[in-house]
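J.: Take a look at the following structure, please.
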Amino acid sequence: MMNELKKINTIAYYTSREILKSKILLNVLLLGVGLLITTYVAFSFTYGEPSRVALDFGLGTLSLSSVGIAIFIGVSLLSKEIDNRTVYMVVSRPVARSSFILGKIIGLSSVLFINILLLSALTLACYFFVGGEFNSLILWAIVFTAMEAILVLLVVAVLSLLTSNTLSILFTLMLYVSGHAISGAKLTLFAKNMPGLIEVLDLYHFVLPAFYKLNIKDFVLYQNSLESSYILNVLLYGFLYSGFLSLLAIFIFNKKNLD
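Structure, rendered in structure tokens:
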């Protein structure tokens, strides 16, 4: 058991190091400059609540950036190893396929967390600079953004094991957009007048990732409160779905023919 954990840790380390070599964290620098400019504009020209503008832009940038990076690195889960044929060397050694795929997922996730941590720090610094007040919901919004990015990473990773990189990205974007729109779609008059459509949407809601649950930005910006039961339910949902997708990735990789 300890030997397998050590192998997972080693694979995760080299995976994260390889991704960081690609200078992907330059994204943080560019977005950080954008945050500073937006904060200056909000502070100088926005009447009313410049802190809300800074926080809104910061959280939005954090979410889109994290999802974009998740798709970018997730789709490369095995493509480089297969192209360079290093995956054949790894799995031919006494390394379980499950350990290999878990190490890759953990390594990619660590890069995501670094990106989220740095951008979150910049967002909070800008927010407090223009007079924003502390609200624990801001921290929960950041946690849920990280969870959303991990789910996107796992979705695109699973799809990349099944189909081409291009299709993986397209399907992931479709799932991401529909996962945010599904709640509003069920409330439309068109859907309410079609019971069959409601059943299809309910099935989608049950099976595929409901990303809208992780978006609490409106609560942070306009209500400043959220029931603790909702937070706990969303946390549980995120952990369970992440675990399911990880197991699915392991199952597919174990069955995958690498010849």
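Read in order, the letters of the sequence shown correspond to residues 12 to 270 in our numbering.
Just so it is clear, CB atoms sit at the ideal spot from N, CA and C, and this is done for glycine as well.
Please report the distance separating the alpha-carbon of L237 from that of L150.
T.: For the purposes of this step, residue 237 is taken as the residue at position 226 of the sequence shown. For the purposes of this step, residue 150 is taken as the residue at position 139 of the sequence shown. Rounded to the nearest angstrom, the two C-alpha atoms are 13 Å apart.
J.: Is the CB-CB distance between L186 and V166 below 8 Å?
T.: Numbered from 1 along the sequence shown, position 175 holds the residue referred to as residue 186. Numbered from 1 along the sequence shown, position 155 holds the residue referred to as residue 166. Cβ atoms of L186 and V166: closer than 8 Å.
J.: Flag this pair as touching only if the region 159-174 and the region 139-150 have three or more C-beta atom pairs under 8 Å; answer yes or no.
T.: At 8 Å Cβ cutoff, the stretches do not touch.
J.: Within 10 angstroms of the Cβ of G142, are there 16 or more other Cβ atoms? Answer buried if so, exposed if not.
T.: Along the sequence shown, one-based indexing puts residue 142 at 131. Classification of G142: exposed, given that the 10 Å Cβ count is below 16.
J.: Using the three-state DSSP reduction, which class does G45 fall into: helix, strand or coil?
T.: Within the sequence shown, residue 45 is the residue found at index 34, counting from 1. Residue state, collapsed to three classes: helix.
J.: Distance, Cα to Cα, S110 vs L16?
T.: For the purposes of this step, residue 110 is taken as the residue at position 99 of the sequence shown. For the purposes of this step, residue 16 is taken as the residue at position 5 of the sequence shown. Taking the straight line joining both Cα atoms gives about 8 Å.
J.: Pull up the distance between the alpha-carbon of I35 and that of V122, whole angstroms please.
T.: In the sequence shown, residue 35 corresponds to position 24, counting from 1. In the sequence shown, residue 122 corresponds to position 111, counting from 1. Spanning the two alpha carbons is a distance of roughly 9 Å.
J.: Measuring only the C-alpha atoms, how far is I127 from L251?
T.: Indexing the sequence shown from 1 puts residue 127 at position 116. Indexing the sequence shown from 1 puts residue 251 at position 240. Those two C-alpha atoms are separated by around 21 Å.
J.: Would you mind sorting V245 into buried or exposed? The rule is 16 or more other CB atoms within 10 Å of its CB.
T.: The residue you call residue 245 lines up with position 234 of the sequence shown. Buried, by the Cβ-count rule.
J.: Just to confirm my understanding: we take S179, look at its own chain, exclude 5 residues before and 5 after, and list those with CB closer than 7 Å. What are they?
T.: Here the question's residue 179 lines up with position 168 in the sequence shown. Hits under 7 Å: V86, V167, L170 and S171.
J.: From what residue to what residue does the alpha helix (DSSP H) around L172 run?
T.: As a working note, residue 172 is residue 161 in the sequence shown. Per DSSP, L172 belongs to the alpha helix (DSSP H) from S147 to L173.
J.: Assuming F83 is part of the alpha helix (DSSP H), what are its boundary residues?
T.: Taking the sequence shown and counting its residues from 1, one reaches residue 83 at position 72. Under the DSSP assignment, F83 falls in the alpha helix (DSSP H) whose first and last residues are P61 to G85.
J.: What do you get for F264, buried or exposed, if any count of 16 or more other CB atoms within 10 angstroms of its CB means buried?
T.: The residue given as residue 264 occupies position 253 in the sequence shown. Buried: at least 16 other Cβ atoms inside 10 Å.
J.: Which same chain residues, not among the five before or five after K18, have their C-beta less than 6 Å away from its C-beta?
T.: The sequence position of residue 18 within the sequence shown is 7, counting from 1. Contacts found: V106 and S110.
J.: Need the endpoints of the alpha helix (DSSP H) that V245 sits in, please.
T.: One-based indexing of the sequence shown puts residue 245 at position 234. For V245, the enclosing alpha helix (DSSP H) begins and ends at S239 to K266.
J.: Taking I125 as the reference, which of K228, V154, Y248 and S240 has the closest Cα?
T.: Working through the sequence shown from its first residue, we reach residue 125 at position 114. The option with the nearest alpha carbon to I125 is V154.
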